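All remarks here apply to the structure that follows.
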Amino acid sequence: MNSLQEASRIYKAFQKGGPTFGAWQMLPGTNNSRAIARSGVDWICVDTEHGNIDDGQMHEAVAAIAATGVSPIVRIAANEAWMVKRALDAGAHGILVPLIYTVSDASRLVQSAKFPPLGTRGFGSPFSPQTFTSESLTHYLLHANTSLLTIVQIETASALQSVREIAAIPGVDCLLVGPFDLGNNIGHPILEAGMSEELKEAIERIRDAAHAEGKKVGIYCTGGEQAREYAEKGFDMISIAADMIAIPQFFGQTLAVASGSGSGSGSGEKGAGKGAGYDGR
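Following this note's numbering, the numbering of the sequence shown begins with 74 at its first residue and continues without gaps.
Here it is in structure tokens:
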């Protein structure tokens, strides 16, 4: 294992096997990044797709997260090469890319994420190595292609149809289920009644396709109970909460206890899960 891999908590968790748990950061601020990291998670996804986080704030969050020994993963807003470059140049240990539609989309993503000769990523950011080791830029160049994670979100009907082919692409390390968008795109949205059987079957199909190709599979979850359920189902990369959901949930629960009402609009994990679909996943 090279020094970049040694410094990547999520990479080591993938190598060890078993589930790795992480969190979603949607609100800006390095104090927020550090507070989430202190929870004990292996990784934090800095969300620049649906989160309130701009490019400069993403750069700072990545550095703050890595300084705690937790792996920063950046979800970029779209499958654009310049967005891939910005995230990796900031020092992200991996990228998460939404709304992949085709095998060609996924192949193009891998090209953007890899240095030549495996891809087309430009070289020169002095920030990238600082979130791993104190070694040189050339050391980072030599090892980045085998150390950084490329994570593809499967959340469209066409990607679901081609999921085994996408999983088989060299350089795709993990498929991550976006259950809300996936449900919307296959005609089975997550509403008050919860997930349909058709959506549950689609999620299991994604898991099976990833594992059949020797790749990892992840899923976005909105709370600990749901995360434990998917860990027991064999998922490898699982979120436990997002800051924008967890904050009102915690304060609502605490207020309910303080006021003696027993339950409030934001109290309890199940209550939070019902309202979590606003974030578009």
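C-beta: ideal position from N, C-alpha, C; glycine also. If you're wondering where the values come from, they're calculated on a predicted model, not measured in any experiment.
Legend entry - Within the region 161-198, ranges of the beta strand (DSSP E) (whole runs, at least 3 residues): 167-170
Legend entry - Reference residue 128, options 197, 227, 173, 162, closest by Cα: Of the listed residues, the one whose Cα sits closest to residue 128 is 162.
Inset, instruction - For residue 340, count neighbouring Cβ atoms within 10 angstroms of its own Cβ and tell me buried if that reaches 16, exposed if not. - result: Reliability of the predicted coordinates at residue 340 is poor, the pLDDT of 38 falling under 50, and no value is obtained from them.
Legend entry - Cβ pair count under 8 Å reaching 3, the region 217-228 against the region 249-268: yes
Inset, instruction - Quickly, what does DSSP pair residue 119 with across the bridge? List them, please. - result: 98, 147
Legend entry - Cβ pair residue 119, residue 135 closer than 9 Å: A Cβ-Cβ contact shorter than 9 Å links residue 119 with residue 135.
Inset, instruction - Determine the direct distance from the alpha carbon of residue 108 to that of residue 76, and round the result to whole angstroms. - result: Cα to Cα, residue 76 sits roughly 26 Å from residue 108.
Inset, instruction - To the nearest angstrom, report how far apart residue 210 and residue 200 are at their CA atoms. - result: 9 Å
Legend entry - Straight-line gap, residue 345 to residue 293 (C-alpha atoms, nearest Å): Residue placement at residue 345 is flagged as unreliable, the pLDDT there being 35, under the threshold of 50; the coordinate-derived value follows with that caveat. Roughly 14 Å separates the two Cα atoms.
Inset, instruction - For residue 288, name the three-state secondary structure that DSSP assigns. - result: Residue state, collapsed to three classes: coil.
Inset, instruction - Could you tell me whether the Cβ atoms of residue 171 and residue 151 are closer together than 9 Å? - result: yes
Legend entry - Selection from 243, 195, 288 that minimises the alpha carbon distance to residue 155: 195
Legend entry - Rounded separation between residue 338 and residue 315 - CA only: Caution is warranted here: a pLDDT of 47 is assigned to residue 338, below 50, making its placement in the model unreliable, and no coordinate value can be reported.
Inset, instruction - Can you tell me which of 149, 138, 98, 145 puts its alpha carbon nearest to the alpha carbon of residue 122? - result: 149
Inset, instruction - May I ask you to report which of helix, strand or coil DSSP gives residue 241? - result: Of the three classes helix, strand and coil, the one that applies to residue 241 here is coil, per DSSP.
Inset, instruction - Just confirm the distance between the C-beta atoms of residue 283 and residue 290, as a whole number of angstroms; I'd bet it's less than 8 Å. - result: 4 Å
Legend entry - C-alpha gap between residue 166 and residue 334, whole angstroms: Here the C-alpha atom of residue 166 lies approximately 44 Å from the C-alpha atom of residue 334.
Legend entry - Of the listed residues 138, 137, 110, 144, nearest to residue 84 (C-alpha basis): 144
Inset, instruction - Kindly give me the distance between the Cβ atoms of residue 138 and residue 168, rounded to whole angstroms, as I take these residues to be in contact under 8 Å. - result: Their Cβ separation, rounded to whole angstroms, is 14 Å, which puts residue 138 and residue 168 out of contact at 8 Å.
Legend entry - Residues bridged to residue 156 (per DSSP): Paired residues: none, contrary to the question.
Legend entry - Collapsed DSSP secondary structure at residue 259 in the structure displayed: coil
Legend entry - C-alpha gap between residue 286 and residue 236, whole angstroms: 10 Å
Legend entry - Min CB distance residue 158 to chain D below 9 Å: Of the chains in the structure shown, none is chain D; there is only one protein chain.
Legend entry - Straight-line gap, residue 33 to residue 266 (C-alpha atoms, nearest Å): Look at the range of the chain in this structure, 74 to 354, and you will see that residue 33 is not part of it.
Legend entry - Residue closest to residue 112, alpha-carbon to alpha-carbon, out of 100, 159, 94: Checking every option, the nearest Cα to that of residue 112 belongs to 94.
Inset, instruction - Give the straight-line distance between the Cα atoms of residue 222 and residue 319, rounded to the nearest whole angstrom. - result: Take the alpha-carbon of residue 222 and the one of residue 319: they are about 26 Å apart.
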